[in-house]
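Residues in the sequence shown are numbered consecutively from 89, following our numbering.
I have placed the structure first, in the form of structure tokens, so that the comments after it can refer back to it.
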Amino acid sequence: CEQHIHNIDVGCWVKGAYPVECNGMGGREMREGGDATKSQIFDHTFCEFTFPDGTKMFSQGRHLKGGWNHVGEFAHGTKGTADPSGQIFGENAWKFSGQRLNGHQQEQHDLIEAMMRGEVYNEGEFGAKSTFAAILGREACYSGKVLKWDDLLARGKDLAPGIDHYTLDSVPPVTPGEDGKYPVPVPGEYDPFV
């Protein structure tokens with residue numbers, strides 16, 4: 089889910105909420121030619137996130153050469169479908185016709201405008217929660233289990249042990265084994281709580 093954290097963020101923004109649980113699946117077919125000496129992440133994932141009201145968000149990501157490639161989001165409702173990048177299809181059809189701004193530029197505008205008004209502009213909580221939603225998805229895919237947000241937050245493994253003391257010379261939290269390969273998670277065996 090590190091591959092599509094931004095799309096998960098957009099989905100949570102559209103919903104106006106964060107998921108309470110997730111189940112997922114994924115694997116590693118083509119990344120570095122299957123060579124575990126380079127990394128350990130999956131090259132394809134699919135997550136089903138459940139929100140507090142029971143609604144679902146489906147999120148898929150993949151890095152596969154030669155396959156279909158699409159980056160985007162769609163919200164489906166009883167009266168149509170919305171593409172958050174600027175279009176609604178269905179009963180209340182609409183298409184954005186204004187000037188498009190780069191999202192990175194827009195956040196700079198928002199920051200400067202807040203500073204000029206003497207306000208604090210901080211999207212840290214949104215960023216942290218969206219990051220955790222992606223971690224929830226990844227851990228669900230790695231483990232093959234249904235994971236609850238509160239359980240993973242309270243008891244999940246420390247992904248960066250000793251981070252307060254990291255330096256440029258610190259040993260990374262994940263290193264290759266004696267065989268030179270990184271540990272690749274196996275659904276059904278990987279435990280997100282150990």
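All C-beta atoms in this analysis are idealised placements derived from N, C-alpha and C, irrespective of residue type, glycine included.
Pull up the distance between the alpha-carbon of residue i and that of residue j, whole angstroms please.
i: V272; j: D257; result: 24 Å
i: N115; j: T133; result: First, the residue type needs correcting, since residue 115 is Gly and not Asn in the sequence shown. One C-alpha to the other measures close to 7 Å.
i: V102; j: E161; result: 10 Å
i: D141; j: A181; result: 26 Å
i: E211; j: R205; result: 17 Å
i: N239; j: M145; result: According to the sequence displayed, residue 239 carries Asp and not Asn. D239 and M145: Cα-Cα distance of roughly 20 Å.
i: G265; j: T255; result: 22 Å
i: P261; j: S218; result: 22 Å
i: C100; j: V159; result: 16 Å
i: K126; j: A248; result: 19 Å
i: D252; j: V259; result: 13 Å
i: V234; j: D198; result: 37 Å
i: V98; j: E207; result: 25 Å
i: N157; j: R188; result: 23 Å
Could you check how far apart the C-beta atoms of residue i and residue j are, in whole angstroms? I think they sit under 8 Å.
i: C229; j: M113; result: 6 Å
i: F137; j: G268; result: The Cβ separation is near 36 Å, so there is no contact.
i: L244; j: F281; result: Sequence check: residue 244 is Gly here, not Leu. The Cβ separation is near 6 Å, so the contact holds.
i: S83; j: N95; result: Outside the modelled stretch of the chain, which goes from 89 to 282, sits residue 83, for which no answer is possible.
i: Y209; j: A202; result: 4 Å
Among the options, which residue has its Cα nearest to the Cα of residue i?
i: C110; options: A221, L241 and I129; result: A221
i: A105; options: R205, W237 and Y254; result: W237
i: H92; options: D131, S127 and G149; result: G149
i: E227; options: E213, F214 and D246; result: D246
i: G155; options: P172, D131, S185 and G265; result: D131
i: P107; options: E266, L241 and Y270; result: L241
i: S185; options: H192, E195 and S173; result: S173
i: I129; options: I223, H164, H197 and A216; result: I223
i: T143; options: Q187, G165 and E195; result: G165
Starting from the C-beta of residue i, find all residues in its chain whose C-beta is less than 6 Å away, skip the five residues before and the five after it, and write them out in chain order.
i: G232; result: P275 and G276
i: K183; result: Q175
Near residue i, what residues of its chain come up, given a Cβ to Cβ distance below 7 Å and the 5 sequence neighbours on each side ignored?
i: Y278; result: Y230 and S231
i: G178; result: K167, G168 and T169
i: H151; result: Q91, R119 and D131
i: Q193; result: none
Tell me where the beta strand (DSSP E) around residue i begins and ends.
i: G168; result: G168 to D171
i: A248; result: Run containing A248: none; DSSP gives neither H nor E here.
i: F134; result: H132 to T138
i: N111; result: E109 to G115
CB-CB under 8 Å to residue i, same chain, minus the five flanking residues each way: which ones, in chain order?
i: Y263; result: According to the sequence shown, residue 263 is Thr rather than Tyr. Excluding positions up to five away in sequence, the list reads Y270.
i: K153; result: M118
The alpha helix (DSSP H) with residue i in it runs from where to where?
i: M204; result: G191 to M204
i: H94; result: I93 to K103
i: E213; result: G212 to S231
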